[in-house]
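J.:
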Amino acid sequence: MDFKIINPHHFNPRVLFIMRRFFDQANKTESHSHDFLSLIYILGGEGKYEVGGKIYDVGAGTFFICNPEVTHHRILTGKQRIEEFHVGISDLHLKGLPENYLIPKGEEPLFGLNRYRQEVISCINEIISEQQRNDETSVLMLKCIVMKLLVYIIKERYFSVCRPEKDVIPIERYGKTAMVDNIIAFLNENYMKPISLAQISANTYLSPVYVSKVFKDATGESPINYLIHLRLSKACELLESSDASVKEIARQVGYTDAYYFSKLFKKYYGISPMHYRKAGGKAAFRAHLQNEDKQM
Numbered sequence: 001m002d003f004k005i006i007n008p009h010h011f012n013p014r015v016l017f018i019m020r021r022f023f024d025q026a027n028k029t030e031s032h033s034h035d036f037l038s039l040i041y042i043l044g045g046e047g048k049y050e051v052g053g054k055i056y057d058v059g060a061g062t063f064f065i066c067n068p069e070v071t072h073h074r075i076l077t078g079k080q081r082i083e084e085f086h087v088g089i090s091d092l093h094l095k096g097l098p099e100n101y102l103i104p105k106g107e108e109p110l111f112g113l114n115r116y117r118q119e120v121i122s123c124i125n126e127i128i129s130e131q132q133r134n135d136e137t138s139v140l141m142l143k144c145i146v147m148k149l150l151v152y153i154i155k156e157r158y159f160s161v162c163r164p165e166k167d168v169i170p171i172e173r174y175g176k177t178a179m180v181d182n183i184i185a186f187l188n189e190n191y192m193k194p195i196s197l198a199q200i201s202a203n204t205y206l207s208p209v210y211v212s213k214v215f216k217d218a219t220g221e222s223p224i225n226y227l228i229h230l231r232l233s234k235a236c237e238l239l240e241s242s243d244a245s246v247k248e249i250a251r252q253v254g255y256t257d258a259y260y261f262s263k264l265f266k267k268y269y270g271i272s273p274m275h276y277r278k279a280g281g282k283a284a285f286r287a288h289l290q291n292e293d294k295q296m
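1 is the number of the first residue of the sequence shown in UniProt numbering; add one for each residue after it.
1) Going by DSSP, what residue range makes up the alpha helix (DSSP H) through residue 303?
2) On the CB-based measure, 16 or more other CB atoms within 10 Å of its CB, does methionine 179 come out buried or exposed?
3) Kindly provide the ranges of any alpha helix (DSSP H) runs that are 4 or more residues long and lie completely inside the stretch 184-249, ordered along the chain.
4) Quick check: the Cα distance between valine 51 and threonine 29, rounded to an integer number of angstroms?
5) Please confirm if the stretch 62-82 is in contact with the stretch 20-40, defined as three or more CB-CB distances below 8 angstroms between the two stretches.
6) Three or more beta-carbon pairs under 8 angstroms between the stretch 90-109 and the stretch 121-133, yes or no?
7) Using 8 angstroms for Cβ pairs, my map puts isoleucine 154 next to isoleucine 6. What's the rounded Cβ distance?
8) Per DSSP, what are the beta-bridge partners of phenylalanine 85 in this structure?
9) Helix, strand or coil for lysine 28 per DSSP?
10) Name the DSSP beta bridge partners of cysteine 66, please?
11) Could you check which residue in Ala258, Met274 and Cys123 has the C-alpha nearest to that of residue 300?
12) By DSSP, does tyrosine 268 sit in helix, in strand, or in coil?
13) With distances taken from CA atoms, which of Asn67, Pro109, Glu108 and Asn114 is nearest aspartate 91?
14) Quick one: Cα of lysine 278 to Cα of serine 138, how far?
15) In this structure, does DSSP put valine 253 in helix, strand or coil?
16) Check whether the Cβ of phenylalanine 64 lies closer than 7 angstroms to any Cβ atom in chain C.
17) At a cut of 8 angstroms, does the stretch 220-236 reach the stretch 177-196 through at least three beta carbon pairs?
18) Name the residue from Tyr116, Val120, Ser207 and Ile89 whose alpha carbon lies nearest to the alpha carbon of aspartate 35.
19) Looking only at its chain, what residues have a beta carbon closer than 6 angstroms to the beta carbon of methionine 19, apart from the 5 residues adjacent to it on each side?
20) I need the straight-line Cα distance from phenylalanine 215 to glutamate 240, nearest angstrom please.
21) Going by CA-CA distance only, name the one from Tyr41, Lys267 and Ser242 that's closest to isoleucine 128.
22) What are the partner residues of tyrosine 56, as DSSP defines its beta bridges?
23) Run through DSSP, which three-state label would leucine 149 get?
24) So for leucine 140, helix, strand or coil by DSSP?
25) For lysine 48, tell me which candidate among Arg14, Leu110 and Pro13 has the shortest Cα-Cα distance.
26) Consult DSSP for serine 262 and reduce its assignment to one of helix, strand or coil.
27) Near lysine 176, which residues of its chain fall below 6 angstroms by C-beta distance, leaving aside the five closest residues on each side in sequence?
28) If I measure Cβ to Cβ from valine 120 and keep anything under 6 angstroms in the same chain, skipping five residues before and after, which residues do I get?
29) Where does serine 262 land, buried or exposed, given buried means 16+ other C-beta within 10 angstroms?
30) For histidine 72, name the three-state secondary structure that DSSP assigns.
This is the structure we're talking about:
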C-alpha cells in the first residue's frame with residue numbers, strides 16, 4: 001500500500017459503545033454482524049470465537065478487528081469464562097478503505113500486536129479506568145483515548161505508510177520566524193519547569209535536529225543554551241531583588257540541584273551566586289559579566 005491511510009484533519013470517528021464484561025456458557029449468542037467496526041480484546045479466560053466463519057481459540061491478549069458485516073460470536077463450553085473488552089465505532093474514514101473498515105476487506109481478523117502492543121494495552125487500560133471514573137469529562141476523554149487506540153492500531157498495521165518522509169508540518173507553511181518566536185515564547189513561559197529538546201520539538205511538531213538547526217541559524221545558539229542563559233538571567237534578577245536562598249532561586253528558575261545551578265552560574269558568569277549577591281547585584285555589573293561571557 002503506497003497511500004497515506006489517515007488524514008488527521010478529517011479523523012473524527014464516533015464511539016458507539018464501550019463494553020467490558022465477563023461471559024460464560026449461559027451467555028449464548030448467535031453469529032451476528034454489524035454495520036459498524038467492532039474491536040474485541042480478550043482480557044482474561046479462554047474459549048473459542050467464530051469470526052468471519054472461522055473458529056479461533058482465544059485467551060488473554062487475543063485481539064480481533066471485525067469490519068462491518070463480518071460475522072462473529074463467542075463459543076464457551078463447560079466452565080469456560082472469558083472477560084471481554086469490546087468497542088463499537090462508526091464514522092471511520094480511512095483512505096482506500098470502505099467506511100468503518102480498519103483493515104482491508106477479507107483480511108485476517110485476528111490482529112497481531114507487535115510493535116505497539118504495550119501502547120494498545122495501555123490505551124485499553126486507560127479506557128477502562130476512565131469508564132470507572134465516570135465524571136463530567138469522561139465522555140470526551142473516552143473518545144480521545146479510543147482515537148489514540150485507533151491510531152496505534154493504524155500505526156501497527158500500516159507502519160511503513162504512516163512513517164513520515166518529512167516534517168509533520170512543512171516548514172515552508174509554518175514559517176521559520178514563527179517557529180523560533182514560538183519556541184522563545186514557550187521557553188519564557190516554562191523556563192521554571194523541566195524542559196528537554198524533545199519537549200521543545202514536540203511543541204513545534206518538528207524533529208529535534210531540525211529545531212536546533214533553525215533556532216541556531218536565527219539566534220546564534222541552540223535552544224538549550226538559550227534556555228540556560230534565560231534561566232541564569234532570571235536568577236540574577238532574583239538575586240538582586242529578593243532574599244531567597246540560592247537553593248530556592250535555583251528551584252524557581254528550573255534547577256532542582258542547587259550545586260549544579262551554582263556551578264553553572266559560575267561557569268557562565270565567572271562568579272558564584274552568593275558572590276554576585278554580595279557584590280550588590282547591580283544591573284551594570286551583570287551586564288559587564290555577560291559581555292565578558294560573550295567574548296569568551
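Ideal Cβ placement from N, Cα and C applies to all residues, glycine included.
T.: With the given structure in hand:
1) A query on residue 303 cannot be resolved here, the shown segment of the chain reaching from 1 to 296 and no further.
2) buried
3) 197-204, 208-219 and 223-241
4) 13 angstroms
5) yes
6) no
7) 6 angstroms
8) Arg20 and Tyr41
9) coil
10) Ser38
11) The first residue shown for the chain is 1 and the last is 296, placing residue 300 beyond what the model contains.
12) helix
13) Asn67
14) 54 angstroms
15) coil
16) You won't find chain C in this structure, because it holds only one protein chain.
17) yes
18) Ile89
19) His86
20) 30 angstroms
21) Tyr41
22) Tyr49
23) helix
24) helix
25) Leu110
26) helix
27) Val214
28) Leu113 and Tyr152
29) buried
30) strand
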